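Under the working numbering, the sequence shown has 680 at position 136, and the numbering climbs by one with no breaks.
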Amino acid sequence: MKIVWSVIFLLLSLNVFSSTRETKTFFYDGTQDSIQLLLRAEETHTEYRYEQRRTTCYRQDVYYRTVCRQTPDGQICDRVPVYRTVAYPCIETVRIPYEVKDFDVEANVTLAVENLPVTNARETFKVTLIGDKLSLSASGTKKYFIMLKKQQVSSNIQGMMKYIDAYYMTELVEATPIVNALNLNSITYNNKVLNFKTGPIAAPESIGLSLVVKKAPVIGSDTVLFNRELSDSDMNVSAQNSYSAFAIDFNRLGIDLVSGRYTILAKIFFKYTGTILNSSQFVATESSKTLIYKLK
């Protein structure tokens with residue numbers, strides 16, 4: 545019985561109470577560019593009181609008995625401890641949590657979506673208010689990256705009421721051209737030129753490329769020779785139907801590989817500002833390959 549009560553009080557002590565919450569959902573289909581939502585909740589905190597309760601406690605008692613055994617040298621006897629669990633009535637002090645209300649919360653939220661019209665959109669936005677904490681999440685068809693481009697949140701307290709005003713500006717970015725591009729392969733280095741291929745780049749404004757070159761001896765520390773995002777002038781690009789081919793002249797970048805061991809890391813990535821609200825729906829937003837190159 546004591547074990548059952550202990551589990552109950554442990555759950556209570558873990559603050560199973562919490563501030564109230566409300567979630568509002570906006571199903572976006574490309575026909576409505578904004579919506580206003582009103583959410584209400586209560587902000588609370590946990591306090592504790594202590595009570596004494598009758599319960600059953602347990603203790604270990606020990607007594608000794610004599611155990612004898614026969615040996616070639618005669619009988620040998622030992623005193624062996626024997627333990628037993630004894631129950632007895634007792635009083636224990638328990639800590640009981642309870643919630644105290646701090647204030648009511650009212651949140652006025654404006655959620656806007658840029659780049660209308662969008663076809664075949666079935667995206668879901670959720671605004672959640674937990675106490676006085678406001679959050680925005682989104683998921684959808686995986687046809688779009690759902691971007692949070694801008695957010696403005698302000699609040700003020702009047703008596704026992706906290707008012708929150710929030711503005712979220714979001715944008716849908718078509719995912720297929722970006723996802724298709726994020727496939728870097730066939731990386732080679734020859735005659736001071738690095739070559740590699742990626743998927744077809746149909747949205748160059750949303751794609752970035754970077755390069756990291758290190759001198760990497762087997763023994764000792766690495767030395768970074770180059771590490772930055774590449775600009776259009778840093779590379780030559782040949783666009784094909786199913787891929788894009790890149791050639792990067794190390795002389796143009798001022799990189800001189802002499803004798804030794806080097807690592808060359810090329811990376812292609814989704815270039816964006818803001819936050820991807822549905823990033824968990826995509827396997828990755830970048831792709832990279834590392835080439836180990838040795839010069840004697």
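Cβ coordinates follow ideal geometry from the N, Cα and C atoms, glycine included.
Source: prediction; values computed, not measured.
1) Inspect the beta-carbon positions of residue 674 and residue 682 and report whether they are closer than 7 Å.
2) Taking just the CA atoms, how far does residue 723 sit from residue 803?
3) When you compare the CB positions of residue 653 and residue 676, do they come within less than 7 Å of one another, or not?
4) Which residues does DSSP list as the beta-bridge partners of residue 698?
5) For residue 827, name the three-state secondary structure that DSSP assigns.
6) In chain order, which beta strand (DSSP E) runs of at least 3 residues are fully inside the stretch 563-591?
7) Identify whether residue 720 lies in helix, strand or coil by the three-state DSSP scheme.
8) Could you check whether the stretch 739-753 touches the stretch 775-791, counting it as contact only if at least three pairs of C-beta atoms, one from each stretch, sit closer than 8 Å?
9) Determine contact between the stretch 796-810 and the stretch 756-766, defined as no fewer than three beta-carbon pairs at a distance below 8 Å.
10) Look at the alpha carbon of residue 823 and the alpha carbon of residue 817, and state the distance between them as a whole number of angstroms.
11) If you run the structure through DSSP and keep just helix, strand and coil, what is residue 744?
12) Can you look up residue 769 in the DSSP assignment and give me helix, strand or coil?
13) Three-state secondary structure (DSSP) at residue 666?
14) Compute the distance between the beta-carbons of residue 612 and residue 632, then report whether it is under 7 Å.
15) Unbroken alpha helix (DSSP H) runs of length 4 or more, entirely within the stretch 790-820: which are they?
16) If you follow the beta strand (DSSP E) that residue 642 is part of, which residue opens it and which one closes it?
17) How many whole angstroms separate the CB atoms of residue 756 and residue 771, which I take to be in contact at a CB cut-off of 8 Å?
18) From residue 573 to residue 666, what does the alpha carbon distance come to, in whole angstroms?
Concretely, from the data shown:
1) As a first step, residue 674 must be located in the sequence shown, where it is residue number 130. As a first step, residue 682 must be located in the sequence shown, where it is residue number 138. Judged by their CB atoms, residue 674 and residue 682 are not nearer to each other than the 7 Å cut-off.
2) As a first step, residue 803 must be located in the sequence shown, where it is residue number 259. As a first step, residue 723 must be located in the sequence shown, where it is residue number 179. C-alpha separation (whole angstroms): 38 Å.
3) Stepping through the sequence shown from its first residue, residue 653 is reached at position 109. Stepping through the sequence shown from its first residue, residue 676 is reached at position 132. Judged by beta-carbon spacing, residue 676 lies beyond the 7 Å limit of residue 653, meaning their Cβ atoms are not closer than that value.
4) In the sequence shown, residue 698 corresponds to position 154, counting from 1. DSSP, once it has assigned bridges, lists 709 as partnering residue 698.
5) Taking the first residue of the sequence shown as 1, we reach residue 827 at position 283. Coil.
6) Fully enclosed beta strand (DSSP E) runs of 3 or longer: 565-572.
7) Indexing the sequence shown from 1 puts residue 720 at position 176. Residue state for residue 720 is assigned as helix, using DSSP reduced to three classes.
8) Yes, the stretch 739-753 touches the stretch 775-791.
9) yes
10) The residue given as residue 823 occupies position 279 in the sequence shown. The residue given as residue 817 occupies position 273 in the sequence shown. Taking the straight line joining both Cα atoms gives about 14 Å.
11) Position 200 of the sequence shown, counted from the first residue, corresponds to residue 744. Residue state, collapsed to three classes: coil.
12) Residue mapping note: residue 769 aligns to position 225 of the sequence shown, counting from 1. Under the three-state reduction of DSSP, residue 769 is assigned to strand.
13) Counted from its first residue, the sequence shown places residue 666 at position 122. Here residue 666 sits in coil by DSSP.
14) To locate residue 612, count along the sequence shown from 1; it is residue 68. To locate residue 632, count along the sequence shown from 1; it is residue 88. For residue 612 and residue 632, no; Cβs fall outside 7 Å.
15) Qualifying alpha helix (DSSP H) stretches, in chain order: 794-797.
16) Translated into the one-based positions of the sequence shown, residue 642 becomes position 98. First-last of the beta strand (DSSP E) with residue 642: 618-658.
17) Taking the first residue of the sequence shown as 1, we reach residue 756 at position 212. Taking the first residue of the sequence shown as 1, we reach residue 771 at position 227. Residue 756 to residue 771, Cβ: 5 Å. Contact.
18) Position 29 of the sequence shown, counting from 1, holds the residue named residue 573. Position 122 of the sequence shown, counting from 1, holds the residue named residue 666. Approximately 5 Å, taken between the alpha carbons.
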